[in-house]
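Asker: Each residue of the sequence shown is one higher than the last, beginning at 1 in the UniProt record's numbering.
Where a beta carbon is used, it is the ideal one built from N, C-alpha and C, also for glycine.
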Amino acid sequence: MHVPVLLNQVLETLDPKPGETFVDGTTDGGGHMEAIIEQMGFKGIYIAVDLDSQMLESTRQRILEKLKAVGADRMNIVWANANYRDLLEVMRKADVKKTDKLLLDLGFSSEQLVAGRGFAYRPENAAEPLDMRYSKDSGVSAAEALHSLKEDELADIFWKYGEERFSRRVAKQIVMSRERERIMTVGALTECVKRAVPRFFKKGERDTIARVFQSLRIYVNGELESLESILQDLPDIVKSGGRAGIISFHSLEDRMVKNAFKKLVDDGKAKLIAKKPIAPNEEEIVHNPRSRSSKLRAIEII
Ligand SMILES: C[S@@+](CC[C@H](N)C(=O)[O-])C[C@H]1O[C@@H](n2cnc3c(N)ncnc32)[C@H](O)[C@@H]1O
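#1: Does the region 232-252 touch the region 182-193, meaning 3 or more C-beta pairs lie closer than 8 Å?
#2: Could you tell me whether the region 53-72 touches the region 17-29, where touching means 3 or more Cβ pairs closer than 8 Å?
#3: Figure out for me which residue from Glu38, Glu300, Gln173, Ser293 has the closest Cα to the Cα of Asp105.
#4: Classify Ala126 as helix, strand or coil using the three-state DSSP reduction.
#5: Inspect the beta-carbon positions of Gly245 and Leu14 and report whether they are closer than 7 Å.
#6: In whole angstroms, what separates the C-alpha of Val78 from that of Ile47?
#7: In three-state terms, what does DSSP make of Tyr46?
#8: I'd like the list of long-range same chain contacts for Asn221, defined as Cβ closer than 6 Å, with 5 residues on each side in sequence excluded.
#9: Note the first and the last residue of the continuous alpha helix (DSSP H) segment covering residue 345.
#10: Here's the rule: buried if 16 or more other CB atoms are within 10 angstroms of the residue's CB, otherwise exposed. What is residue 321?
#11: Leaving aside the five residues before and after Arg195 along the sequence, list all residues of the same chain whose C-beta is less than 6 Å from its C-beta, in chain order.
#12: With hydrogens ignored, establish whether the beta-carbon of residue 329 is closer than 6 Å to any heavy atom of ligand 1.
#13: Taking the beta carbon of Met40 as the centre, do at least 16 other beta carbons fall within 10 Å, making it buried, or is it exposed?
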């Protein structure tokens with residue numbers, strides 16, 4: 001089960017209240033959602049968005065059962081299998097002009113990691129197909145991208161999204177390998193990366209593998225483009241006095257959030273809720289190692 005990161009900090013910072021409208025752009029297994037609707041006293045509107053239709057459906061069933069059990073089955077929840085970059089459209093369809101609160105918890109979840117879509121390297125995942133899409137209905141799979149992109153395009157992806165020092169060597173190795181056989185599985189890509197890492201750097205091999213998988217995932221899902229788009233739309237999504245919180249796990253994403261929030265503050269459109277990003281404490285990191293690199297930034301729209 002996916003353990004929601006920075007949960008208490010999200011509840012404190014966004015301070016959801018009964019009767020409000022809350023938009024959750026990355027609902028997934030509903031870890032944050034469950035605690036938020038409870039804090040809302042099961043009163044108000046909750047718009048639960050996720051690109052992954054399977055995750056959203058299993059969360060819908062679980063939450064509806066919970067609402068029934070606590071006698072709150074009339075809470076207004078809108079389930080939307082959509083990209084959060086299209087939130088304005090989702091809200092328009094739900095007849096919601098602006099929201100009181102917005103949460104984005106970026107990236108993928110522990111449940112998706114074991115869902116067999118090749119999101120990351122683990123020895124037991126070697127035979128998984130390299131898909132990496134949150135939604136199978138959009139874009140091309142990672143295997144397709146590895147097959148069709150040019151060597152310099154691949155190198156740019158590993159450099160830009162993974163800041164990987166051996167980006168060129170990895171791209172070259174992929175092109176050499178795919179001439180013999182298409183790279184279709186987690187194991188095949190991992191072998192390619194291992195061959196590309198020079199002997200003197202073998203101890204850093206695992207990090208290179210992780211960065212290559214991460215950058216491919218970011219590319220395949222257009223993650224930075226979606227984030228850029230919603231950051232532009234924030235003042236149209238969140239009402240005056242409302243709050244937006246974004247949890248990121250990657251320095252590139254955090255930089256984008258930091259800069260967009262700074263611009264809103266400089267333009268007199270928002271104020272920061274905390275000057276510094278909110279990070280997990282030691283206890284959370286021990287209990288949930290996935291939280292290690294998480295950062296929450298939050299603003300209030302003026
Ligand atoms: C880290 S998980 C969220 C976990 C959730 N907060 C919880 O506590 O259970 C991120 C989720 O965002 C979804 N996602 C990623 N990019 C998305 C996008 N552009 N639009 C909508 N959902 C997206 C993924 O499918 C995944 O389910």
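Answerer: Let's see:
#1: no
#2: yes
#3: Ser293
#4: coil
#5: yes
#6: 5 Å
#7: strand
#8: Tyr134
#9: Here the chain covers residues 1 to 302 and nothing more, so residue 345 does not appear.
#10: Because the chain in this structure spans residues 1 to 302, residue 321 falls outside the shown range and cannot be described.
#11: Gln173
#12: With the chain running from 1 to 302 in the structure shown, residue 329 is simply not present.
#13: buried
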